[in-house]
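Read through the structure below, which is laid out as structure tokens, and then see the notes.
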Amino acid sequence: MKRLLPVLLFPAVASAGEWLPETTTQLGLEYREFFQQAVSDDQAERSASVWLEPEMVWEWGAAQRLTFRPFYRYDSADEERTHGDIRELLWQTWGTSWEVRAGVGKVFWGVTESLHLVDVINQTDQVEAPDGEDKLGQPMIHAIWLNDAGTLEGFVLPGFRERTFAGEEGRLSLPLAIDDEALYQSDDEQSHVDLALRWSRSYEVAGWPLDASLSLFKGTSRDPFLLPQVALVAGEPAVVGLQAYYPQLQQAGMTLQSTVDSWLWKVEAVHRDYEREAQQALVAAGNDSGDDHWAAVAGFEYTLTGPFYDCCELPLDLGLILEYQYDERGKQASNAQNDVFIGTRWAFNDMDSSELLAGLVQDMTYGGSRALKVEASTRVTAQSVVNLNVWLFTADDEDDALAWSLRQEDYAELSWTLYF
Amino acid sequence: MKSFLSLMLGLALVTPLTHVANADEAADRGLAIATDRKQRDAGWNNSESAVTMTLRNAQGEESVRKIRSKSLEVADDGDKGLTIFDEPRDVKGTAFLNFSHIGKPDDQWLYLPALKRVKRIASRNKSGPFMGSEFAYEDMSSFELDKYSFRYLGDETVAGHDCYKVEQTPLDKFSGYTRQVVWLDKDELRVHKIDFYDRKKSLLKTLTLTDHQLYKERYWRAHTATMVNHQTGKSTVLQTEDIRFDTGLTDDDFNQTTLQRAR
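As you go down the protein sequences, you meet chains A and B in turn. Heads up: the first sequence begins at 1 in full-length UniProt numbering, then just goes up one per residue. Heads up: the second sequence begins at 1 in full-length UniProt numbering, then just goes up one per residue.
Structural data, given as structure tokens:
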């Protein structure tokens, strides 16, 4: 088999030249400045970082492709943020109504902007950015079947990736250090094989497109509970750190998106069901957020095309986004339990593809908890782009633990990405 | 993309045009010319093309985009298109899927490779610019008779060609234009020039089509399309580097799964 595999993957390679992949590389330089003193004295107020992400693609035959996309980041302040990952090492083959992918890959499910509830295949690379948009590569076998009933997808996910967290000297920080050793409900730990199914289809309702999807996931939750680590300090029990605990989860998800005129109406909803053993373990650890629950996010994006064209000859497109985030657990949920997101997207439609996205998440239960994010980008040369991201966090209630822990983590990040 | 390239087609009208008696006659004549134009181009089937798009601002600064398009003719509806962006490098791998329709909004999806995300676009926003160029999304959609009302305006010579001058008024209230004036040559019904009038009814843009080449002994495609915005001084040139017909594309090549593996 060992000898057969390369032959299967690379049949009939005529010359060495054909082995050379098509390569596109991203090289990024990044600088972060934190505006406030960190919770811990060890933590840096600024950091510089460099990252590299080449993508190599080999194609052969009529319908076979191999993609390799490693990633590495060096960070001056945080040894946990200095990390590498195989974002993609994926073999793909396809026919007219099917596709099979095997290896390490990334999948995105979802329609909303402020929160990705149904998106459950890949682990979040949390040290990259607080918005959770960066993901770690996930080992998978992914089969896609297109038929009259829609698109049906099946996933076998052998191998689990732990979420990344900032180190003791890094930011954004939690009040306590997170132990490198994670806890699992399943005895299989990182070798537990997870399964997922997804169905998606587009309809036309009253002349307007309606996109629907249903998904099922059974396996290790990507979203860990952070449990307190208790130790004796000067003879007294005290919480000295946090430890990630990954329960077994069954998640059913649905998405709906309807496009009416310039409106995109969006809904994502999930029902999460943790195994009893995990629920008992959580209760024993003093965590009461492990109950079965449902959560949803719904809202719209409305786009104004060229509202400033007539007056000012500005070809700017303006998007307005409003979403509501709900979690049945209420205050027991770490965030997004009763929150409103209001955002705006500006596409300047200039030569340099300049864009700006600003969004505010306001907690409606803890009125003092909010987060503001501004993302701006523009092309500076034919091969490079500058990004400016600013995050401002506000919290005034210690009970809103996640928001409280981020209250002094306001920062601006300037980055320059070269594509070659 | 295909629409510019398919703007032109052949065969002169049999009846010589002497003068236009009234509005009805002008509308009938305009529709007859447009119908002939559409029929001459029917049956092109499918094509793949590579295009360089050069954007120029009023100061003369340039920015280059490179795209490849797959196009499929759809009977009794608008065409299907899949466009892959190659340059600038930061948008490499981004792909755009478009199902043009008659009498209802186009279906449009954008694939963002960094996020592995397919996003549906609210396609009523057809007057917005395509990739920051002077071409609007609606300019990229296929030419369909049911999208306009027509009026024959007379004969004029453009670039040495004896042309019909036809006004076409978009029927879609979301169009960015109140009207377009099209010049087609009498010999082959190839479009040579289009004037676009904005919602304030003033002249916004002029599209000039040159370097027409014949394919499959029937279908004319302009290899250079130059759009000049008179109000901003900006312009965009679409240069077709390569176009091939009958490449074996079928309906199965145009869906969200093929969009995600397009390259």
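We put the beta carbon where it would ideally sit given N, CA and C, even for glycine. The structure presented is a predicted model; accordingly, all values stated were derived computationally and were not measured.
Hey, quick one: how far does the beta strand (DSSP E) through Ala278/A stretch, first residue to last? Premise fails: Ala278/A lies in the alpha helix (DSSP H), Arg276 to Ala284, not in any beta strand (DSSP E).
Around the Cβ of Asp339/A, are there at least 16 other Cβ atoms within 10 angstroms (buried) or fewer (exposed)? buried
Hey, does Ala382/A have any beta-carbon neighbour from chain B nearer than 8 Å? yes
From what residue to what residue does the alpha helix (DSSP H) around Trp404/A run? Ala401 to Ser405
Using beta-carbon positions only, say whether Leu90/A and Arg101/A come within less than 8 Å of one another. yes
Can you tell which of Leu316/A, Leu372/A, Leu360/A and Ala401/A has its C-alpha closest to the C-alpha of Ser133/B? Leu316/A
Please check the pair residue 293/B and Leu249/B, which I expect to be a contact at CB under 8 Å, by giving their CB distance rounded to whole angstroms. A query on residue 293/B cannot be resolved here, the shown segment of chain B reaching from 1 to 263 and no further.
Return helix, strand or coil for Gln37/A, following the three-state DSSP convention. coil
Excluding five sequence neighbours on each side, which residues of the same chain lie with their C-beta closer than 7 Å to the C-beta of Asp66/B? Note on identity: in this sequence residue 66/B is Lys, with Asp being the wrong assignment. Contacts found: Thr52, Asp86 and Glu87.
Within chain A, the residues that Pro88/B reaches when beta carbons sit closer than 8 Å: Ser353, Arg379, Ala382, Gln383 and Tyr419
Using the beta-carbon count (16 or more within 10 Å), is Phe160/A buried or exposed? buried
Start and end residues, alpha helix (DSSP H) containing Lys30/B: The sequence as given places Gly at residue 30/B; Lys does not occur at that position. Here the alpha helix (DSSP H) through Gly30/B covers Ala23 to Asp41.
Per DSSP, cross-strand counterpart(s) of Thr67/A: Per DSSP, Val57/A and Leu90/A.
Pop quiz: Val166/B and Phe143/B are said to be a contact at Cβ under 8 Å. What is the actual Cβ separation, rounded to whole angstroms? That pair is no contact at about 12 Å.
7 Å CB neighbourhood of Phe108/A in its chain, flanking five on each side removed: Asp119
Please return the same chain residues whose Cβ sits closer than 8 Å to the Cβ of Glu169/A, not counting the five positions on each side in sequence. Asp42, Gln43, Ala44, Ala77, Asp78 and Glu79
Roughly how many whole angstroms lie between the Cα atoms of residue 267/B and Asp41/B? Nothing about residue 267/B can be reported from this structure: the residues present for chain B run from 1 to 263 only.
Below 7 Å on C-beta distance, what does Asp107/B contact in chain A? Pro209
Between Ser262/A and chain B, is any beta-carbon pair separated by less than 8 Å? yes
Could you check how far apart the C-beta atoms of Ile243/B and Arg218/B are, in whole angstroms? I think they sit under 8 Å. Contact flag wrong, Cβ pair sits at about 14 Å.
Straight-line Cα distance separating Glu413/A from Tyr215/B: Between Tyr215/B and Glu413/A, the C-alpha separation is close to 52 Å.
What residue from Val260/A, Leu402/A and Ala371/A has the CA that sits closest to Tyr411/A's CA? For Tyr411/A, the closest C-alpha among the options Val260/A, Leu402/A and Ala371/A is that of Ala371/A.
Separation of Tyr164/B from Asp90/B, as counted between CA atoms: 43 Å
Compare the C-beta of Gln180/B against all C-beta atoms of chain A and say whether one is closer than 8 Å. no
In whole angstroms, what separates the C-alpha of Thr206/B from that of Thr178/B? 14 Å
Determine, using beta carbons only, whether Pro228/A comes closer than 8 Å to chain B. Chain B, which has no Cβ nearer than 8 Å to the Cβ of Pro228/A, makes this no.
Please give me, in chain order, every unbroken run of the beta strand (DSSP E) with length at least 3 that falls completely inside the stretch 174–221 of chain B. Segments of the beta strand (DSSP E) lying fully in the stretch 174–221 of chain B: 179–185, 191–197 and 203–215.
Would you list the one or two residues that DSSP bridges to Tyr72/A? Leu52/A and Gly84/A
Specify the secondary structure class of Lys66/B as computed by DSSP and reduced to three states. strand
Applying a beta-carbon distance threshold of less than 8 Å, which residues of chain A neighbour Gly248/B? Near Gly248/B there are no residues of chain A at all, since even the closest Cβ is about 10 Å away, more than 8 Å.
Going along chain A in order, which residues have a C-beta closer than 7 Å to the C-beta of Asn45/B? Simply none; closest approach about 18 Å.
Endpoints, alpha helix (DSSP H) assigned at Arg261/B: First-last of the alpha helix (DSSP H) with Arg261/B: Gln256 to Arg261.
Could one say the Cβ of Asn349/A lies closer than 8 Å to chain B's Cβ atoms, at least one of them? Yes, Asn349/A counts as interfacial toward chain B.
With a Cβ-Cβ cutoff of 8 Å, do Ser262/A and Tyr309/A count as a contact? no
Let me make sure I understand the geometry here. Which of Glu188/B, Thr236/B and Glu73/B has the alpha-carbon closest to that of Glu62/B? Thr236/B
Classify Ser191/A as buried or exposed, calling it buried when 16 or more other Cβ atoms lie within 10 Å of its own Cβ. exposed
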